[in-house]
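One structure below.
2 protein chains.
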Amino acid sequence: MKNPSAKRSTKEPVTAQSATVTLDMVAREAGVSPATVSRIMNGTAVVSAARKEAVDAAIAKLGFVPNPVARGLAGGRTFSIGVVTQTLDSPFYGSALRGIEEKLLPLGYSPLFVSGQWNAEVEAKCMDVLRSRRVDGIIVLTGRLTDKALKNYAKTMPIVVTGRKLSAPGLAALYCDNVEGARLATQHLIGLGHRQIAFISGDPQHPDAAERFQGYRKALEEARIKFDPALVAEGGFYEASGLQAVGDLLASRKRFTAIFAANDQMAVGAALGLSRHSLRVPEDVSLIGYDDLLSSLYSNPPLSSVHQSAYELGQLAADVLLQLLSGEKPVFQVPAPRLVPRESCRRLAV
Amino acid sequence: MKNPSAKRSTKEPVTAQSATVTLDMVAREAGVSPATVSRIMNGTAVVSAARKEAVDAAIAKLGFVPNPVARGLAGGRTFSIGVVTQTLDSPFYGSALRGIEEKLLPLGYSPLFVSGQWNAEVEAKCMDVLRSRRVDGIIVLTGRLTDKALKNYAKTMPIVVTGRKLSAPGLAALYCDNVEGARLATQHLIGLGHRQIAFISGDPQHPDAAERFQGYRKALEEARIKFDPALVAEGGFYEASGLQAVGDLLASRKRFTAIFAANDQMAVGAALGLSRHSLRVPEDVSLIGYDDLLSSLYSNPPLSSVHQSAYELGQLAADVLLQLLSGEKPVFQVPAPRLVPRESCRRLAV
DNA sequence: TTGTACGCGTTATCAC
DNA sequence: GTGATAACGCGTACAA
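Note that the protein sequences, when read in sequence, are chains A and B. Numbered by the UniProt record's numbering, the letters in the first sequence go through residues 1 to 350 in order. Numbered by the UniProt record's numbering, the letters in the second sequence go through residues 1 to 350 in order.
Encoded structure:
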């Protein structure tokens, strides 16, 4: 009886609104119709100030939180956004997920993360799950789906995809310029006097891999350095493959003074491989990666890399999807890749 | 006309069931009532073989996929599981998320990941979001919520929490023995002849940090080595803090021959710090971490660590929650931490 | 065994 | 402006 307005709370647990309070209850409490409550919650129509006040009070008092599930059924939108990533434990995509979550949550949207495992079939299943969950839109981080499939999905709901050049109604593609990034990295090595530059490629199935290879060749060409196929080793974007690739390179007895690995994870593997052969970075071999993972800053020596912020990319993707959702024609600009020179590269001694 | 049974597919897009197919439609197609279809989908009751066949055929033909949203509203369960992690881009928790997803997806459950940012308030909000989304249960990865709060939540729905000792109805706690793990690490160094062993602690707010510190002291005690507070530096579980801590340690001019960092990320930072001071690992200083991140295998030199598989932990958490959901009393066993000696530690020269 | 009818919590479409 | 009323897609008592 301490507080007359709180008589309902007597038997309720410490944390309020534990028993589900519905929109109907709010309506009754405020003495209006459910429709009016809904209108106020969504700003769908103008309501008299008096009623609005009463409803707001009732909402506060009861601690009403609308049920997204029911909202989904009734309104056709679930306020949830599907996000197809490839693995949940990737240092690169992890940041993207964080960026996405940060943008979405404050706006009442929940991201629904699923991972495609770099496998087109699994990815297709992911899309199905998301569709069955009635997400309002989907963000696809790169992935292996065909452009055509993606366009098809876009007919049903807004889609944002990263790492591609693509355009279709209801579809926005956030292309990251891998060619340019790789060119930058290679050019950096060339600028330091290197001429024999090995390249550890990524998984050949991966679109990024091909582009980064292109960038490598482009830089060589610009510097009039003849491309030598013996200097490229195939990797798979993971640490182990970088280690392996260095082994292959060394075994071929082809001379090189620098290595450009198509991502940081492989570069780290490569660094270990070099050290296994008593080769020091950067004294004996300069090394540069791609992605600028947080951990690269702390590798030994700190790894030079190409920065393409996954975090910002994630934020941007979320933003663009939100624009798409609100029916706007999305305008956006993917930040350009940026060279981050650190201690793993050094000028070639003459 | 190639396939007579596919005549409907003429005007449909390549990927079937793009237009939403409802249970009602299946019922009509099969010439039965919606209830019967529902019964067959859920195995709720026995139905005649004839009808079952007809319904199965209709389902296949139409490509019917039940709508989880509607299911949630009607049946009270959403087949989605909330997962509270701390950050989406943590190498350690990332593996746990992967383990959870792998267990849940095949059973028709979708994990709903939200991140608490190591902040009790944010985490509480996460719980609210999950509750409002009507998840069937929640997995909390460590986190900062009080045990009491957790028990309270458990009254509403099944909860599995990792990294705690705790017991309550509807609540299962997967405790990881950090004390033992840290003891193992320290003991390993002692066994190699080290007596001056520095300790880089984790974020003091973090429960794991305190326990690992305990384990460190316990091992010293067992070996009758006097604990020296001057040998412990405070870190924060991130690379940067490891770097910083080594600086502090070195600045104190206190002699030490080995370092135990309370996690691998700090150990990597520490390694860089040592190298900045021209100290080699393991020739001058032995170094061991905790968590056994995948990347630790490829750090230079490969980092000794304590293995506590986040991946398995995630799988286990999902399993246990599933048990809870099915009303069973969960039985489980958290795998014990395991020492993983690698090249970053060496026997102290006499 | 099978079908009917209602409820889940909300939004949208009407009339008023 | 505001309030009934009908969906939304499915589960489930209840009746048959």
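The beta carbon of each residue, even a glycine, is placed where N, CA and C say it ideally should be. Owing to the predicted nature of the structure, the values given are computational and were not obtained by experimental measurement.
Distance CB(residue i)-CB(residue j) smaller than 9 Å
i	j	result
S241(B)	V114(A)	no
I200(A)	G247(A)	no
A54(B)	A30(B)	yes
S344(B)	A267(B)	yes
L231(A)	L249(A)	yes
L316(A)	L112(A)	no
S278(A)	I288(A)	no
P335(B)	E312(B)	yes
R133(B)	M157(B)	no
I100(A)	G314(A)	yes
P341(B)	H188(B)	yes
Min CB distance residue i to chain A below 9 Å
i	result
A317(B)	no
G269(B)	yes
A209(B)	no
T78(B)	yes
R8(B)	Its pLDDT being 31, under 50, R8(B) is placed unreliably by the model, and the measurement read from it follows with that caveat. No, because no Cβ of chain A sits closer than 9 Å to the Cβ of R8(B).
E123(B)	no
Q265(B)	yes
L272(B)	yes
G242(B)	yes
DSSP-derived helix/strand/coil call for residue i
i	result
D248(B)	helix
V83(B)	strand
A262(B)	coil
P13(A)	Note that P13(A) has pLDDT 33, beneath the 50 cutoff, so the model's placement of it is unreliable and the number below is only indicative. Of the three classes helix, strand and coil, the one that applies to P13(A) here is coil, per DSSP.
D203(B)	coil
H188(A)	helix
I225(A)	coil
C345(B)	coil
D291(B)	strand
Span separating the alpha-carbon of residue i from that of residue j
i	j	result
I139(B)	E180(A)	42 Å
C126(A)	T146(A)	14 Å
K151(B)	V135(B)	17 Å
K218(B)	R183(B)	6 Å
V84(B)	G94(B)	12 Å
A149(A)	N263(A)	27 Å
L339(B)	P330(A)	52 Å
D89(A)	G170(A)	29 Å
P302(B)	P207(A)	31 Å
C176(B)	S309(B)	10 Å
S299(B)	G269(A)	8 Å
I59(A)	L23(A)	9 Å
T257(B)	D292(B)	22 Å
L104(B)	V129(A)	13 Å
R144(A)	E123(A)	7 Å
D319(A)	L107(A)	11 Å
A35(B)	R164(A)	46 Å
N67(B)	Q86(B)	30 Å
H307(A)	Y290(A)	7 Å
G327(A)	E239(A)	42 Å
W118(B)	A210(B)	16 Å
V26(A)	G43(A)	16 Å
Y216(B)	T186(B)	6 Å
A245(A)	E121(A)	28 Å
Closer than 9 Å to chain B by CB, residue i
i	result
D89(A)	yes
D248(A)	no
S201(A)	no
E312(A)	no
G181(A)	no
S252(A)	no
L166(A)	no
V161(A)	no
V14(A)	Note that V14(A) scores 32 on pLDDT, short of 50, meaning its location in the model is unreliable and no value can be drawn from it.
V334(A)	no
E129(A)	A small fix is needed here, since residue 129(A) is Val in this sequence, not Glu. Cβ-Cβ to chain B under 9 Å: yes for V129(A).
E239(A)	yes
S305(A)	no
- Query: Which of the residues in the region 277 to 303 of chain B, read from start to end, lie with their CB under 8 Å from any CB of chain A?
  - Reply: L294, S295, L297, Y298, S299, N300, P301 and P302
- Message: What are the residues in the region 137 to 148 of chain B lying within 7 Å of chain A by C-beta distance?
- Response: none
- Query: Going along the region 95 to 116 of chain A in order, which residues come within less than 8 Å of chain B, judged by CB to CB distance?
  - Reply: S95, L97, R98, E101, L105, S110, P111, L112, F113, V114 and S115
- Can you list, in chain order, the residues of the UniProt domain "HTH lacI-type" (21 to 75) of chain A whose Cβ is nearer than 8 Å to any Cβ on chain B? V65, P66, N67, P68, V69, A70, G72 and L73
- Task: Give, in chain order, every residue of the region 319 to 332 of chain A whose Cβ lies closer than 9 Å to some Cβ of chain B.
- Result: none
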